[in-house]
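Everything on this sheet refers to the single structure shown next.
Numbering (the working numbering), first residue to last: 1274 to 1516.
Have a look at this one:
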């Protein structure tokens, strides 16, 4: 199932099963059936149809939303080998930790919000009637060292846009990991029909602004004194790139 596909179900029980799995990220079939108070036979039938239609999949005995970009790219730079792939549910703890470590002093407010939301929900991939989001991660020896996150509201008038956040652990900056993550996220967005990406950062985060400008992003607007860090105010630099 594509993340940009509208949600359509021809049976209410199938919608209920999907929504339960989507809200939990990964769940054992028995637990889902019990929570939804469904009999084994109809539950099994509906799950089989959802799997057949590419809506759900079974990974290690648990049901998940069946959206997967299976491409895993390998890179090497300055004797550092890393891979970039779609984040999996089991990456959640490492991903949240990487985001919080990467943002350091809190000069990347949107990324901090992403970490808080994902940590509280306990779910990485979202695709429901309100929003969709996906992560790609950069890993060294299966440890998450960087991420790119794309999110968009399920609103028709904004369906051509997505918000992007990105970061790399300080120890691994300067090796092209951020550039490869940005390329992967941009490529995914373009191939899925998005026309514009956004990213907003405080004006004090000069490194992030320079990075995006170096990859063709432009400043679309500035909101003065939008952020307040302690007693200090900072402008919000709203950046965008047309795909």
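For each residue, glycine too, the CB sits at the ideal point set by N, CA and C. Because the structure is a prediction, the values reported are computed rather than measured.
Output needed for residue i: all residues of its chain with C-beta closer than 7 Å, excluding positions within five of it in sequence on either side, in chain order.
{"i": "residue 1315", "result": "1286"}
{"i": "residue 1393", "result": "none"}
{"i": "residue 1467", "result": "1433, 1434, 1435, 1516"}
{"i": "residue 1462", "result": "1423, 1435, 1470, 1516"}
Can you give me the start and stop residues for the beta strand (DSSP E) that residue i sits inside?
{"i": "residue 1410", "result": "1404 to 1413"}
{"i": "residue 1549", "result": "This structure gives no information on residue 1549, because the portion of the chain shown stretches from 1274 to 1516."}
{"i": "residue 1330", "result": "1329 to 1332"}
Which residue's Cα is closest to the Cα of residue i: the options?
{"i": "residue 1376", "options": "1366, 1455, 1388", "result": "1388"}
{"i": "residue 1470", "options": "1464, 1459, 1479", "result": "1459"}
{"i": "residue 1507", "options": "1346, 1491, 1474", "result": "1474"}
{"i": "residue 1488", "options": "1497, 1516, 1372", "result": "1516"}
{"i": "residue 1410", "options": "1422, 1403, 1400, 1332", "result": "1422"}
{"i": "residue 1359", "options": "1419, 1322, 1295", "result": "1419"}
{"i": "residue 1367", "options": "1415, 1386, 1318, 1331", "result": "1415"}
{"i": "residue 1280", "options": "1405, 1510, 1357, 1369", "result": "1405"}
Considering residue i, what are the terminal residues of the alpha helix (DSSP H) in which it resides?
{"i": "residue 1286", "result": "1285 to 1297"}
{"i": "residue 1319", "result": "1313 to 1325"}
{"i": "residue 1491", "result": "Premise fails: residue 1491 lies in the beta strand (DSSP E), 1491 to 1502, not in any alpha helix (DSSP H)."}
My guess is that residue i and residue j are in contact by the Cβ rule of under 8 Å, so how many angstroms apart are they, rounded?
{"i": "residue 1336", "j": "residue 1313", "result": "Wrong, their Cβ atoms sit about 15 Å apart, outside the cutoff."}
{"i": "residue 1350", "j": "residue 1448", "result": "5 Å"}
Under 6 Å Cβ to Cβ from residue i, same chain only, skipping five residues before and after it: list those, please.
{"i": "residue 1299", "result": "1335, 1337, 1362"}
In chain order, what residues of the same chain lie with their CB nearer than 8 Å to the CB of residue i, ignoring the 5 residues before and after it?
{"i": "residue 1354", "result": "1347, 1348, 1413"}
Using DSSP's beta-bridge definition, name the partner residues of residue i.
{"i": "residue 1233", "result": "An answer regarding residue 1233 cannot be provided, because it is not within the stretch 1274 to 1516 covered by the chain."}
{"i": "residue 1308", "result": "DSSP lists no partner for residue 1308."}
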